[in-house]
Each structure stands twice: as C-alpha cells, then as structure tokens.
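S.K.:
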Amino acid sequence: MKILITGGAGFIGSNLAKKLMDRGDKVVMIDNFNDYYDVQLKKDRIKKYLKGYNFKLYKGDIRDIKLLDKIFKAEKLDKVMHLAALAGVRNSLLDPIEYEDVNVRGTMNLLEMAKKYKIKNFVYASSSSVYGNNKKQPFSETDSVDTPISPYAATKKATELLAHVYSHIYGLNTTGLRFFTVYGPWGRPDMALFLFADGITKGNPINVFNRGKMSRNFTYVDDIVSGTMAVIDANLKCEVMNIGGDKEETLMRYIEVLEDNLGKKAKKKMLPMQPGDVPATVADIRKLKKLGWKPTTRIEEGIKNFVTWYREYYKIK
Ligand SMILES: NC(=O)c1ccc[n+]([C@@H]2O[C@H](COP(=O)([O-])OP(=O)(O)OC[C@H]3O[C@@H](n4cnc5c(N)ncnc54)[C@H](O)[C@@H]3O)[C@@H](O)[C@H]2O)c1
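With the first letter of the sequence shown counted as 1, position 19 gets the number 18 in numbering that gives the first Met the number 0; the numbers rise by one all the way through.
Below, the structure is given as structure tokens:
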C-alpha cells in the first residue's frame, strides 16, 4: 500500500511512518514544519529517527490545494492518514482563526483530493477534546459531542462532520480517530510530560493545573500506532472511534512515575483549571477493540521509555 501521511514530521506521524515502512508499506509525507514548537525536533524526527528509511517528503502546506493535487496525481496513493493540524488545545484560544484555517480548510482540501483520486481509505485525527465537559465517563462514541469548549475541539468536531458528508455523498471510506493524550519518545514539547520533564531536570517549578485533580487515559505512542494501523487496514465506511489507553491514571501518579524515572522530585506549582481544559478524559475503547486491537503499555513502562529517549536526545545525564 502507498499511504500519504499528512503531518509526517510530527510526533504521531513520524512514529506511524516508521511502523508502516517496517511492515513494507510505501510512505509519502507532507509537512510544513511550522514553528508551533521546536522545528529542529521535527527535522530530527525525519533525519535521525527515520534515518535509513526510504520515503518521499513534501515540504508544504495542506492549505495549498494545487500542491495537494500535484502530490495525489504524481504519487498514485492508495490511502491517506491525515494527522497535520494545529494541535494545542490551550493555544487555540490565542489563535482561533488560524486553527480553523489549518484544521478545517486543510481537511476539506484533503477530502476533496481523496474524492477526486478515489482513495481507498481516509483516516483522520480527531480528538478526545470533542467530548468537552461531558459528565458521563468513560466517553463513548455514541455520546453527544455538540458542546466543545475550545476552538481546537470545535475544529476537530467539524472534521468529523465533513468526513461524514464525503462518506455519505461520495462513498469515501472515512474513519476519525479520537486520540486520548498521547505520550512517548519523540513527543511534543508543548505537552505535559515534556514540560514536566523539562521543569524537573532544570529544577524549575512545574505547573499543575486544577491543583492536580485531573485524570487521563494516557496513551503510549506505540499503542496509538498499532490501533491506527488496524484502522488504516480495515477500510471502514464511515466511523468515528476512540483510541486511548485502558487505564485511567491521575495526573499526580503520572508526575510521580516521571519523578521516579528522573530520580528527582518536582517543585509543584498548584494552579486552578485552565480555560478550555477538562478535568478528566477517560475512553471507552470497546469499538476499536473489535478490530482486534488493544493497548498494552502501562505508564510505568511508557514513561521509562520516554525518559530514556529524552535524556539521550537532550544529552542529560
Ligand atoms: N498528541 C496527542 O495527544 C493528540 C491528542 C488528540 C489529537 N491529536 C491529533 O493528532 C494529530 C497529530 O498530533 P501530534 O501530537 O503528532 O502533533 P504534531 O504537532 O507533532 O504533528 C502535527 C504535524 O502537522 C504539521 N502541520 C501543521 N499544520 C500544517 C499544515 N498547514 N500543512 C502541513 N503540515 C502541517 C506540523 O508541522 C506537525 O509536524 C493532530 O491532528 C492532533 O490534533 C493528538
């Protein structure tokens, strides 16, 4: 199979690309290497992490429909895994118009191309944030997601609506994956684990929101990749699925495991809840499990792997 990964230099994209190529798929990527976080890390995912792999990378923007048309025409793609997006929840409150432009229009462009070039399966990244402040836990795909509480979440819900239209009218196979807090090696510097690791190693205070009263189904990146591959292979007609770890963990436990692995205590700055954030995201993952997938990595193992990578990459003893 020849698969286009949008956002291929990103955290999830680069990890997915590696596993797809390991099993013999051909990979084409597009990424604009935006500077939302350290661009060098994105370059290194391509240069160092994917060193020795054979893939085609287009440096460009998913909002450039002419470029997309060129890529789809030239590459004769079978499937699309659409991950490119502006991904930070909190940052979306600062720049909502840019979020709408990249996440909604960019997705629309890709759906148009998928329709035009008769793509066999279009899988795209949604997010657990679409559940907003829903009280019922765990979050299930059948729950209402009509009340997002950040511009980011609203753009992700919008992509699900657009994908539904293309499946319904044009028969395009689409599956949206609602990712639940992904972590692991080559992770994102704007996310909690990375910020905590940085603070603890430098001896700086770390911000603990909602005074630590938070919980998540933290999901190790390898589990995300295996679940995503199951969905890429399944060619489902029109679905939305949760993809998350199967154990609810508190934020305080997450920090404790990190402290153990770094061998250093955190200076915790207890703060109130941030606007746009939610206290708990717990996933009902029964739907995706029906495809034969299940998450296998506990935070004790996942955080250990993260710290090993973090120390090596940043040359920290
Ligand atoms: N990591 C998580 O916990 C998480 C949770 C929920 C949803 N998601 C979603 O999963 C996807 C991947 O997330 P990630 O954590 O790998 O983020 P990431 O920021 O590391 O990767 C996204 C990549 O897309 C690229 N990109 C952004 N705008 C682009 C544009 N206009 N044109 C081309 N490329 C562009 C970026 O340069 C980046 O390399 C995103 O859609 C995100 O919203 C992630």
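The C-beta atom is built at its ideal place from N, Cα and C for all residues, glycine as well.
Any heavy atom of ligand 1 within a distance shorter than 7 Å of the CB on Ser225?
M.R.: No - ligand 1 has no heavy atom lying nearer than 7 Å to the Cβ of Ser225.
S.K.: Go through the stretch 236-297 residue by residue and report every complete run of the beta strand (DSSP E) that reaches 3 residues or more, in order.
M.R.: Counting only runs of 3 or more, we get 237-242 and 266-269.
S.K.: Count the CB pairs spanning the stretch 111-125 and the stretch 172-180 that are closer than 8 Å, and state whether there are at least three.
M.R.: The stretch 111-125 vs the stretch 172-180: in contact.
S.K.: Which residues in the same chain as Ile315 place their Cβ atom closer than 8 Å to its Cβ, once the five residues preceding and following it in sequence are excluded?
M.R.: These residues qualify, in order along the chain: Thr200 and Tyr309.
S.K.: Below 7 Å, is the gap between the Cβ of Ile61 and the nearest heavy atom of ligand 1?
M.R.: Answer for Ile61: yes, Cβ within range of ligand 1.
S.K.: So, at 7 Å on beta carbons, what are the nonlocal neighbours of Ile298 in its own chain, with the 5 sequence-adjacent residues on each side left out?
M.R.: So the list reads Phe217, Glu248, Tyr253 and Val256, once near-sequence residues are dropped.
S.K.: Quick one: what does DSSP say Asn14 is sitting in, helix, strand or coil?
M.R.: Asn14: helix per DSSP, three-state reduction.
S.K.: Rounded to the nearest angstrom, what separates Pro150 and Pro95 at their Cα positions?
M.R.: The straight-line gap from Cα to Cα measures roughly 6 Å.
S.K.: Does the distance between the C-beta of Thr174 and the nearest non-hydrogen atom of ligand 1 fall short of 7 Å?
M.R.: No.
S.K.: Between Asp63 and Met112, is the Cβ-Cβ spacing less than 8 Å?
M.R.: Against a cut-off of 8 Å, the Cβ pair of Met112 and Asp63 comes out as no contact.
S.K.: Under a Cβ-count criterion, where at least 16 other Cβ atoms within 10 Å of its own Cβ denotes burial, should Pro147 be classed as buried or exposed?
M.R.: By the 10 Å Cβ count, Pro147 comes out buried.
S.K.: Which residues in the same chain as Lys135 place their Cβ atom closer than 7 Å to its Cβ, once the five residues preceding and following it in sequence are excluded?
M.R.: Answer for Lys135: Asp142, listed in chain order.
S.K.: One question on the structure: do Asn371 and Lys268 come within less than 8 Å of each other, judged by their Cβ atoms?
M.R.: As displayed, the chain neither begins before 0 nor continues past 316, which places residue 371 out of reach and without an answer.
S.K.: So the candidates are Lys1, Gly9 and Gly275; which of them puts its Cα closest to the Cα of Pro184?
M.R.: Taking only the C-alpha atoms, the option nearest Pro184 is Gly9.
S.K.: Note the first and the last residue of the continuous alpha helix (DSSP H) segment covering Asp232.
M.R.: Segment Val220 to Ala233, the alpha helix (DSSP H) holding Asp232.
S.K.: My parser needs the alpha helix (DSSP H) runs of 4 or more residues fully inside the stretch 6-82; what are they?
M.R.: The qualifying runs are 10-21, 38-43 and 64-74.
S.K.: Taking the beta carbon of Asn260 as the centre, do at least 16 other beta carbons fall within 10 Å, making it buried, or is it exposed?
M.R.: By the neighbour-count rule (16 or more Cβ atoms within 10 Å), Asn260 is buried.
S.K.: Between the stretch 215-231 and the stretch 8-27, can you find at least three pairs of beta-carbon atoms closer than 8 Å?
M.R.: Contact between the stretch 8-27 and the stretch 215-231 is present, because at least three Cβ pairs lie under 8 Å.
S.K.: Cβ of Asn304 within 7 Å of any heavy atom in ligand 1?
M.R.: It does not: the Cβ of Asn304 is nowhere closer than 7 Å to a heavy atom of ligand 1.
S.K.: Quick one: give me the first and last residue of the beta strand (DSSP E) that Pro204 is part of.
M.R.: Start and end: Pro204 to Val207.
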